[in-house]
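In this note's numbering, the protein residues as written are 75 to 429.
Glycine included, C-beta positions come from ideal geometry on N, C-alpha and C.
Step one of this worksheet: look at the structure below.
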Amino acid sequence: MDFSELPASKQWATLKYKGEKFAEVWFKPQGEPFGLTFRVPRESFQIPGMDQGLTTGNLLRAVGIPIEDIDCWRHGEVLHEGMHGSNPEFNQPFAAPPKDVADLSIHVTLKPLLQVGEPAETDALPAEEASASEDSTPADGAAASEGNTAAAGSGPVEVDAAANAGAAAGDSPVRWEDLESRWRTIVGVEAAIDNLRLMVEGMQAQMETAANRPLTTDEKLHATKADLASWARVKARVPFVLPKVREFIHRATWATGTPERKKIEDLFKDESPPEMPFPRLVKLSDQLENLLKDRQVLSAHGVNVQQECKTVANEVLSTLRQLQSNAAANADRKRRAGRYKGKFFKDVRKLSGAD
């Protein structure tokens, strides 16, 4: 049947494997006429033989949707392209969620106006026997993305169809003003990331200059063993920090240069909004949401790198200053001791008449 004519869910529909519930599905979350969301309870990973079968592809097969019809899907912070069904991530099993997470969810977007195939032959429960959980609806097109399904060929999957009955809810229009506001937020986060990059670059130069500076002969001669050991220790930390610094600088430098980002930027250059069909606006909203999350993750990573870089840079500089100060003090004491010793023997020679 035509997926666009499928009524929107009013409650979660249950997916069963050998009579046991392992996942739930919600068709057409609010504002997404070509979307559906799966969620998999953490307990499903304890079902014998289920863990390797919990994949995006098997979830879609369980509800009769060919993977070739998928435009993209989102799991966690990662957006996967459908690639006409050729993406190997379709068949990658998901890891079980941590103990403090109740379930995983995965959000799927179909290609607009596609005829989705009828569900494959399954041991589906009659509508009057099926049960659906009456939890709250998924967020407006922004369901967190982590989910899975039963293994292909490992047994029939039962789909609770009762939850899909009822009239479709009206789609909430995506306002261009909201998209512009989200874009401005993205630009602001990118500016903060660029400032972090400049700060990290300055600290990188300080660390490398100080760590690569050789000690002078006097510093080596008069420095204490403790100061030399501390200097060797802090210098050894620099090679472990620099890869993180270079990786963040690279990501921050090229964050605004990706083709996808430039295409989105071009849409907001004109004062008047471009004319777009509703499915394209929904997809643009998802793209902006994913872009914002990516920038927020990069910004948080940059803050961590900057703090670690600052700690190491300060420790390198303070240790070097301490070594130089102590070495200079030791050299001065040795010179004064030498002068006092020479004066003593000179006085002895005078008194003895040797001079």
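How would you call residue i, buried or exposed, if buried means at least 16 neighbouring beta carbons within 10 angstroms?
| i | result |
| --- | --- |
| Glu293 | buried |
| Gln85 | buried |
| Arg148 | buried |
| Leu89 | buried |
| Asn132 | buried |
| Gly93 | exposed |
| His324 | exposed |
| Gln278 | buried |
| Leu295 | exposed |
| Glu334 | exposed |
| Arg407 | exposed |
Residues in its own chain within less than 8 Å of residue i by CB, not counting five upstream and five downstream?
| i | result |
| --- | --- |
| Glu349 | none |
| Asp125 | Phe119, Pro167, Ala170 |
State the start and end residues of the unbroken alpha helix (DSSP H) segment that holds residue i.
| i | result |
| --- | --- |
| Asp301 | 299-328 |
| Ser160 | Where Ser160 is concerned, there is no enclosing alpha helix (DSSP H), given that its DSSP letter is neither H nor E. |
| Val430 | The displayed coordinates of the chain run from 75 to 429. Any statement about residue 430 would go beyond what the structure contains. |
Which stretch, first to last residue, makes up the beta strand (DSSP E) that contains residue i?
| i | result |
| --- | --- |
| Pro333 | Note, Pro333: premise wrong, no beta strand (DSSP E); alpha helix (DSSP H) at 333-341. |
| Lys294 | From DSSP, Lys294 is part of no beta strand (DSSP E) but of the alpha helix (DSSP H) over 291-296. |
| Lys102 | No beta strand (DSSP E) holds Lys102; DSSP gives it neither H nor E. |
| Gly109 | 109-115 |
Could you give the distance in angstroms between the alpha-carbon of residue i and the alpha-carbon of residue j?
| i | j | result |
| --- | --- | --- |
| Cys146 | Leu272 | 35 Å |
| Val308 | Leu302 | 10 Å |
| Leu178 | Glu155 | 19 Å |
| Gly150 | Phe77 | 25 Å |
| Asn400 | Lys299 | 11 Å |
| Pro81 | Ala87 | 13 Å |
| Gly159 | Leu110 | 17 Å |
| Ile180 | Asp368 | 17 Å |
| Val356 | Lys318 | 36 Å |
Using C-beta distances below 7 Å, list every residue in its chain close to residue i, excluding the 5 sequence neighbours before and after it, in chain order.
| i | result |
| --- | --- |
| Glu79 | none |
| Trp305 | Thr393, Leu394, Leu397 |
| Phe101 | Leu80, Ala82, Ser83, Leu110, Asn238 |
| Leu142 | The residue asked about is misnamed: residue 142 is Glu in this sequence, not Leu. Excluding positions up to five away in sequence, the list reads His158, Gly159. |
| Ala285 | Lys309, Val312, Val390 |
Apart from the five residues on each side of it in sequence, which residues of its chain come closer than 6 Å, Cβ to Cβ, to residue i?
| i | result |
| --- | --- |
| Lys95 | Thr88 |
| request: Output the residue ranges of the beta strand (DSSP E) runs that lie fully inside the segment 124-182 and measure 3 residues or longer, sorted by chain position. | output: 144-149, 152-155
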